[in-house]
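Undergrad:
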Amino acid sequence: MKKIILGITTIACLAIASCSSDDNSTQDNPVVESPSKKFEGKWKMVTGIVIYNGQTQTQDLKPGDCDYDFYDLKSNGSKDEVYHETENNCTETNWVGTWNYNADENTITAIDSDDNYTVVFEIIEFSTNTMKVKLIEDDGVNPEDSGFEIYSILQR
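Heads up: the sequence shown is residues -17 to -1, 1 to 139, going by mature numbering (1 follows the signal peptide of the UniProt record, and there is no 0).
(1) Helix or strand or just coil, what does DSSP make of residue 3?
(2) Could you name the residues of the same chain whose beta carbon sits closer than 7 Å to that of residue 8, not counting the 5 residues immediately before and after it, in chain order?
(3) Hey, out of 19, 135 and 115, whose CA is closest to residue 61's CA?
(4) Could you work out which residue in 26, 41 and 25 is closest to residue 132 when comparing CA atoms only?
(5) Leaving out five residues before and five after residue 34 in sequence, what residues of the same chain have Cβ atoms less than 6 Å from its Cβ?
(6) Where does residue 6 land, buried or exposed, given buried means 16+ other C-beta within 10 angstroms?
(7) Any idea what DSSP makes of residue 57, helix, strand or coil?
(8) For a test of the three-state rule: what should DSSP assign to residue 70, helix, strand or coil?
(9) Counting along the chain, where does the beta strand (DSSP E) carrying residue 135 start and finish?
(10) Select from 39, 38, 36 and 27 the residue whose C-alpha is nearest the C-alpha of residue 45.
(11) Distance, Cα to Cα, residue 55 vs residue 125?
(12) Starting from residue 141, follow its DSSP beta bridges and name the residues at the other end.
(13) What three-state label does DSSP hand residue 88 in the structure shown?
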C-alpha cells in the first residue's frame, strides 16, 4: 500500500512540476547519484578464479550445504563480510567494517573494523547483478608479486 501511495505521489509531483512555468530558469539542478551507489547491496561470492603459471583453476565458492558467503555493502559506507562455517552447522562469522569505491582507479576497498585488515579489488566487469573483481591488494600484499592472479565473481 505504501508503494502505491508513493507511486501516486511521485506521479502527481512530476505532473505539477512539468506544468509549472520556469522559463526564466537558466540552469537545471539534476540530482547527482553517488558513483558507489550501484555497488550497494548484498553480493554473494559465487566463483573463485586463480591463475598461476598459465594454469587457470575455477572453483564454486559455495561452502558445502551452506548459503554462499557474501559482502553486504551499505549506503553509509559500512560493510558486512559474512562467511559460513561448514563444519559448524553453517554458523555465520561476520567481519564488520567499512568500504569505499574509488572511481578514478575503479576499485573497491574493504577494511575490517577489528584489525584494519584491508583488501582492494579492481572491478573488471560490472552489470546490475554480476560483478567480476580482481584482488589487487590483500592486507598490503599484491598477489601478482607472487605470480598469482585472483578473481572473484560476485552476484546479487
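C-beta: ideal position from N, C-alpha, C; glycine also.
TA: Working from what's here:
(1) Bear in mind that the predicted position of residue 3 carries a pLDDT of just 41, short of 50, making it unreliable; the figure below should be weighed with that in mind. Correct three-state label for residue 3: coil.
(2) Low confidence applies to residue 8: its pLDDT is 45, below 50, so where it sits in the model is not reliable enough to give any reading.
(3) 19
(4) 41
(5) Excluding sequence neighbours, residue 34 sits near 132.
(6) Note that residue 6 scores a pLDDT of 49, beneath 50, so its modelled location is shaky; the value from the coordinates is reported in the next line. Classification for residue 6: exposed.
(7) coil
(8) helix
(9) Where residue 135 is concerned, the enclosing beta strand (DSSP E) stretches over 131 to 138.
(10) 27
(11) Roughly 24 Å between the two C-alpha positions.
(12) Since the first residue of the chain shown is -17 and the last is 139, residue 141 is not available in this structure.
(13) The answer is coil: DSSP assigns residue 88 none of H, G, I, E or B.
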